[in-house]
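Colleague:
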Amino acid sequence: MAWLLGKSLQGAFFTIAIVFVGLAAYSACHADQADDVWAEWETSAAQHLGPDKATGVLLYLHGNAGSLDVTSNPVTPFFVAMAKQAKWDILRIKRRPATDIEAEDERIVRFVAEEITRLRMAGYRWVVVGGSDRGGWLALLMSGLPDADAIIATVPTTTTYDVHELERTRDALARRLADARTRRIAVFFFDGDPHENVPQRRAPVLRRALQGSGSSFMLVDGPPGFYGHGAEIEAGFVSAYRDCVLRFAQAVDPPPGEQTCAIPPASRKRSPVADPGLRPYWGRWRGMDEGGVYVTLQAEELGMRDIVYRLVRANLPGSGFQGLGGRLSFQLDVPRHRIFCSTREGRELLIGTLKSPTELELVLRPTQSENPPVHSARVVLSRISED
2 MAWLLGKSLQ GAFFTIAIVF VGLAAYSACH ADQADDVWAE WETSAAQHLG
52 PDKATGVLLY LHGNAGSLDV TSNPVTPFFV AMAKQAKWDI LRIKRRPATD
102 IEAEDERIVR FVAEEITRLR MAGYRWVVVG GSDRGGWLAL LMSGLPDADA
152 IIATVPTTTT YDVHELERTR DALARRLADA RTRRIAVFFF DGDPHENVPQ
202 RRAPVLRRAL QGSGSSFMLV DGPPGFYGHG AEIEAGFVSA YRDCVLRFAQ
252 AVDPPPGEQT CAIPPASRKR SPVADPGLRP YWGRWRGMDE GGVYVTLQAE
302 ELGMRDIVYR LVRANLPGSG FQGLGGRLSF QLDVPRHRIF CSTREGRELL
352 IGTLKSPTEL ELVLRPTQSE NPPVHSARVV LSRISED
């Protein structure tokens, strides 16, 4: 009897020791053998609660700036806001620039997988992986990890603008997502991001891959009002998307397939006495120009005699529309069935002509053009939304 009691006590002490080791393991940061990939608690942007008080933990992957060390850059406001609202602890996954390259991706994935195991042992009940820029790319590579409850990625990218490389990495990511084992995956892309300058944008390709994966996913492609690679840090993005993404990431039993964000639509002003001839031009239009750069026109105001668009394009060379952007007011040219806007101090005209109800040709040409007229830039835009 004494022998059995001794064995029972020995087993109890062994169990307690394992739990203690699991908890103690997160009193300090962890590194892999090379010490160029490591995990470190975020304690300045968000309070560290520990597994007993936190509802979960966010493994945050930072972006990339080439040879610059960005491991000390702050966590982006969107992820901080979600972590605070949900009461998640934030564990930062840091990488030295020399290691933060595509050739090391699988090693980084293995490191994160090991961290998730440690977090589970320490008592964390909900584990989310998230990141922006290259951190978003890495977060999506974690989609094969079943122990991650959710993945949240904004502007997922590698470090190149080369079209062939963008297509290659897009397709590689699609193959990865087609075999996703993580139940919840959210991704954001923005108009005006140079990484979108491929003939077939990444969002439709990744959507097709995710549709066959069995995961529940949210793919937000070019939300109105937020533009460029750094759109997630713009004012209003957190309030627009934080709660929606949190509901998705914390859903207990989400159905497979695409989910959407129920957020208030962006403010658009349409005059009830607007010229009927302007109404067919309303909406959101997108297309790739002759220089291989995507151009987006978002209608923002419809007045009695004009329609105001926001023109968005990636800041890349090769586009004839380079230097144009922001809000532009177009007038209706009734005899010629078109709209036009004077740009660059009156030296050029931006002319929009409907080729069909869903196609808008946009041409930039000098005011004093030859006959026949020559153009500086041309793009055919497709209507992607009537909002």
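Residues 2 to 388 (my numbering) make up the sequence shown, in order.
Even glycine gets a Cβ: it sits at the ideal position worked out from N, Cα and C.
All of these numbers come straight from a predicted model, not from anything done at the bench.
#1: Between which two residues does the alpha helix (DSSP H) containing S1 stretch?
#2: Just mark V156 as buried or exposed, buried being the case when its beta carbon has 16 or more other beta carbons within 10 Å.
#3: How far does the beta strand (DSSP E) with S343 in it reach, from first residue to last?
#4: Would the segment 279-295 and the segment 251-263 be scored as touching if the rule is three or more Cβ pairs under 8 Å?
#5: Under a Cβ-count criterion, where at least 16 other Cβ atoms within 10 Å of its own Cβ denotes burial, should M305 be classed as buried or exposed?
#6: With DSSP run on the structure shown, which of helix, strand or coil describes W39?
#7: Please report the Cβ distance between V294 and N198, rounded to the nearest whole angstrom; I am assuming they are in contact, meaning their Cβ atoms lie under 8 Å.
#8: Mind pulling the beta strand (DSSP E) runs of 3 or more residues that sit fully within the segment 121-194?
#9: Compare the C-alpha of L365 against each of Y162, L350, A66 and F227 and name the closest.
#10: Considering just the uninterrupted stretch of the alpha helix (DSSP H) at V246, what are its terminal residues?
#11: Do L50 and K88 count as a contact pair if the criterion is CB distance below 8 Å?
#12: Tell me whether K88 sits in a helix, a strand or coil according to DSSP, three-state version.
#13: In the DSSP output, which residue or residues are listed as bridge partners for E349?
#14: CB I186 to CB I152, shorter than 8 Å?
#15: Can you tell me where the alpha helix (DSSP H) with V206 in it begins and where it stops?
#16: In whole angstroms, what separates the C-alpha of P224 from that of L298?
#17: Within a Cβ cutoff of 8 Å, which residues of the same chain sit near A86, ignoring the five residues on either side of it in sequence?
#18: Using the Cβ count rule (16 or more neighbours within 10 Å means buried), how would you classify G284?
#19: Please name the residue, chosen from E301, G229 and E41, that lies closest to L317 on a Cα-to-Cα basis.
#20: Just reading off the beta strand (DSSP E) that Q332 is part of, what are its end residues?
Modeller: Looking at the coordinates:
#1: Here the chain has residues from 2 to 388 only, and residue 1 is not among them.
#2: buried
#3: R339 to T344
#4: no
#5: That one is exposed.
#6: For W39, the three-state secondary structure derived from DSSP is strand.
#7: Right, their Cβ atoms sit about 6 Å apart.
#8: 128-133, 151-155 and 185-190
#9: L350
#10: F238 to A250
#11: yes
#12: coil
#13: T344 and P367
#14: yes
#15: Boundaries of the alpha helix (DSSP H) around V206: R203 to Q212.
#16: 13 Å
#17: At residue 86 the sequence reads Gln, which differs from the Ala that was named. These residues qualify, in order along the chain: R243, D244 and L247.
#18: buried
#19: G229
#20: G327 to D334
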